[in-house]
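Protein sequence lines, in the order shown, are assigned to chains A and B. For the first sequence, this note's numbering gives the first residue as 232, with consecutive numbering after it. For the second sequence, this note's numbering gives the first residue as 232, with consecutive numbering after it. Note that beta-carbon positions come from the ideal geometry of N, C-alpha and C, so glycine has one too. All figures in this text were calculated on a predicted structure; none of them were measured in a lab. Heads up, the thing below is written out as structure tokens.
Protein chains: 2
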Amino acid sequence: MSQSYKQKQSVTYYMCDRTQQLTLSMLVNLLLNVSENHSAELNRQESVIREMGFNWIVLRYEFMVARMPRYKEEVEIETFATEYNKLFTYREFIVRDSNQNELIKVKTTFALMNIENRKMARIPSEVIAPYEAAFSERIRRNSKPHEVDQIHAVQTNYSVRYFDIDANQHVNNSKYIEWLLDSLNTSFMASHQMQHGIITFDKEVKEDDTVTSKVSHRADTQIYTDHHILVGETIHATASFQWNER
Amino acid sequence: MSQSYKQKQSVTYYMCDRTQQLTLSMLVNLLLNVSENHSAELNRQESVIREMGFNWIVLRYEFMVARMPRYKEEVEIETFATEYNKLFTYREFIVRDSNQNELIKVKTTFALMNIENRKMARIPSEVIAPYEAAFSERIRRNSKPHEVDQIHAVQTNYSVRYFDIDANQHVNNSKYIEWLLDSLNTSFMASHQMQHGIITFDKEVKEDDTVTSKVSHRADTQIYTDHHILVGETIHATASFQWNER
Chain A
232 MSQSYKQKQS
242 VTYYMCDRTQ
252 QLTLSMLVNL
262 LLNVSENHSA
272 ELNRQESVIR
282 EMGFNWIVLR
292 YEFMVARMPR
302 YKEEVEIETF
312 ATEYNKLFTY
322 REFIVRDSNQ
332 NELIKVKTTF
342 ALMNIENRKM
352 ARIPSEVIAP
362 YEAAFSERIR
372 RNSKPHEVDQ
382 IHAVQTNYSV
392 RYFDIDANQH
402 VNNSKYIEWL
412 LDSLNTSFMA
422 SHQMQHGIIT
432 FDKEVKEDDT
442 VTSKVSHRAD
452 TQIYTDHHIL
462 VGETIHATAS
472 FQWNER
Chain B
232 MSQSYKQKQS
242 VTYYMCDRTQ
252 QLTLSMLVNL
262 LLNVSENHSA
272 ELNRQESVIR
282 EMGFNWIVLR
292 YEFMVARMPR
302 YKEEVEIETF
312 ATEYNKLFTY
322 REFIVRDSNQ
332 NELIKVKTTF
342 ALMNIENRKM
352 ARIPSEVIAP
362 YEAAFSERIR
372 RNSKPHEVDQ
382 IHAVQTNYSV
392 RYFDIDANQH
402 VNNSKYIEWL
412 LDSLNTSFMA
422 SHQMQHGIIT
432 FDKEVKEDDT
442 VTSKVSHRAD
452 TQIYTDHHIL
462 VGETIHATAS
472 FQWNER
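Right under this line is the structure:
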């Protein structure tokens, strides 16, 4: 059984959107904070990993949302590394309300980036051992976001801003999420709740880039949106979300 | 002596910029969180004020910065209402490091907005009494930001985004700060530290607005930047910052 770490979190005003619910981008910020605190407890915090020549990067999020936490709610965030192989670590997060009801489950894929050449690196055992996750030869085949409908897609452009760049000197993942969701129109956003989502991060966005956030809608018995984040013609991130009417 | 309230705060990764320092917009978010917790302790939290028909709005910030808190630093934020008159409440914040050294002092002016007509309201004593601030007939004449040099000013446009709107259904003050600072160029931002700043909020920015962030530079023995946030020709916010080289 792998190491598990729990942390309580108050949902403050600045974490919430106009409907007084935690935003998805802030959820991701909070999860990564808990993950870093977990690592620090095992003496594998960011600064230690950096001294070894690496940064952790997140390649994929999958969100299962019963409901988003509300303004002033006290939640508990649990995290644990479930499994790793030579290239990837799989980490899960569970967000629970004060009655221990599960609100959100998130599955993530992490990889190590070599700071010098900014390429993915094999995960050394000295980095991963303290988490006591299971090693597996097998690399998971995770489900991918659905294709964007190129004919009906609409697109919005965003310039990278000064504060989009984080201490790792690239655009923070939470900013991609803002670009993904801002491209949906206001009336859709205000009348729908996200129930399930997959985001993949395929390529870094750089300081002077202008990104295009492209989205198409899809419906069968459920409502979906499918997304690309592009710089020019190159896909930097993809996503699909499943929505409920509020 | 007025009621004082203190709260500890960890500086997390998502609160910091590329230099691993707390951003000014996140500082403001944290201050308002402490202010709300102070109010809640006195049973004057936002929801109580809203039931009376009001929202607090911030009209002015003045920042005195010895240094900004750093990533992973533990700080303490103290706040107290210093004085009020029929229209304004003056609230101060002090941010201290773990050795009780003063890092930042912030002076703010709050007013009450009537939710129905979105105009400023007289402050009823039932709203303000619990804070035990001194009443004064006198309305303070606060110093204002310096004029923008219209000839040499440069400007950048920003569309209001879905997540810029907060639960009060207007653009959150912290977003104005991002527009103010993003309009400075990257090399200036990365090589200077803000030492002193005044921001005034003069008019709400609405959902579908495009704002213009205008800035000019000024120097005598110190380095200054002067700012306007405009919608069309109308000024919605003004600011002046004094900077040190890093």
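Inter-segment contact for the region 297 to 308 of chain B and the region 346 to 359 of chain B is absent: fewer than three beta-carbon pairs are separated by less than 8 angstroms. For Gln251/B, at least one C-beta of chain A is nearer than 7 angstroms to its own C-beta. Taken through DSSP and simplified to helix, strand or coil, Ile346/A comes out as coil. Rounded to the nearest angstrom, the Cβ distance from His423/B to Ile454/B is 7 angstroms, consistent with a contact under 8 angstroms. Met283/A is outside the set of residues whose beta carbon lies under 7 angstroms from a beta carbon in chain B. In the structure shown, Val259/A falls within a helical segment according to DSSP collapsed to helix, strand and coil. Taking 8 angstroms as the upper bound on Cβ-Cβ separation, chain A lies near residues Phe394, Ile396, Asp397, Ala398, Gln400, Asn403, Ser405, Glu409, Leu412, Asp413, Leu415, Thr417, Met420 of the region 394 to 421 of chain B. In this structure, Gln240/A lies away from Ile346/A, with their beta-carbon atoms at least 7 angstroms apart. Against chain A, a Cβ distance below 8 angstroms from Arg392/B picks out Glu409, Asp413. Shown in chain order are the members of the region 422 to 456 of chain B whose Cβ falls below 8 angstroms from a Cβ of chain A: Glu438.
Residue environment for Thr452/B: exposed (fewer than 16 other C-beta atoms within 10 angstroms of its C-beta). A Cβ of chain A is located within less than 7 angstroms of the beta carbon of Thr243/B. Separation of Phe394/A and Asp395/B (C-alpha to C-alpha, rounded to the nearest whole angstrom) is 14 angstroms. Within chain B, Tyr393, Phe394, Ile396, Asp397, Ala398 have C-beta atoms less than 9 angstroms from the C-beta of Asp248/A, given in sequence order. Between the C-alpha atoms of Val436/B and Glu464/B there is a straight-line separation of about 13 angstroms. CA-CA distance, Ala271/A to Leu261/A, rounds to 15 angstroms. Between Glu378/A and Asn388/A, the alpha-carbon positions lie close to 20 angstroms from each other. Of the residues Ala470/A, Lys445/A, Ser418/A, Ile466/A, the one whose Cα lies closest to the Cα of Arg477/A is Ser418/A.
The three-state secondary structure of Val242/B, taken from DSSP, is coil. Taking each of His458/B, Asp397/B, Glu314/B, Thr320/B in turn and checking the Cα distance to His383/B, the smallest one comes out for His458/B. Counting along the chain, no alpha helix (DSSP H) covers Leu461/A; the unbroken beta strand (DSSP E) around it starts and ends at 454 to 462. Within the same chain, Cβ atoms closer than 7 angstroms to the Cβ of Ser266/A are found at Thr310, Arg322, the five residues on either side in sequence being excluded. Pairwise C-beta distances place the region 312 to 322 of chain B out of contact with the region 439 to 447 of chain B, as fewer than three of them are shorter than 8 angstroms. Of all residues in the region 296 to 309 of chain B, only Tyr302, Lys303 place a beta-carbon less than 9 angstroms from a beta-carbon of chain A. Here DSSP, grouped into helix, strand and coil, assigns Tyr393/A to helix.
Taking the beta carbon of Leu263/A as reference, the chain B residues within 8 angstroms of it are Tyr244, Tyr245, listed in sequence order.
Assigned with DSSP and collapsed to three states, Tyr362/B falls in helix.
Here Phe285/B is buried, its C-beta having at least 16 other C-beta atoms within 10 Å. Residue-level contact by beta carbon fails for Asn286/B and chain A, as no gap is shorter than 7 angstroms. The residues Val358, in chain order, have a CB closer than 7 angstroms to that of Met283/B in the same chain once the five nearest residues on each side in sequence are set aside.
Along the region 265 to 278 of chain B, the positions whose C-beta sits under 7 angstroms from a C-beta of chain A are Glu267, read in chain order. Just so you know, the alpha carbons of Asp248/B and Trp410/B end up roughly 15 angstroms apart. What Thr254/B touches in chain A, judged by beta-carbon distance under 7 angstroms, is Phe394, going in chain order. For Asn260/B, at least one C-beta of chain A is nearer than 7 angstroms to its own C-beta.
In this structure, the straight-line span from the alpha carbon of Ala360/A to that of Ala468/A is close to 30 angstroms. Listed as beta-bridge partners of Glu333/A by DSSP are Arg327/A.
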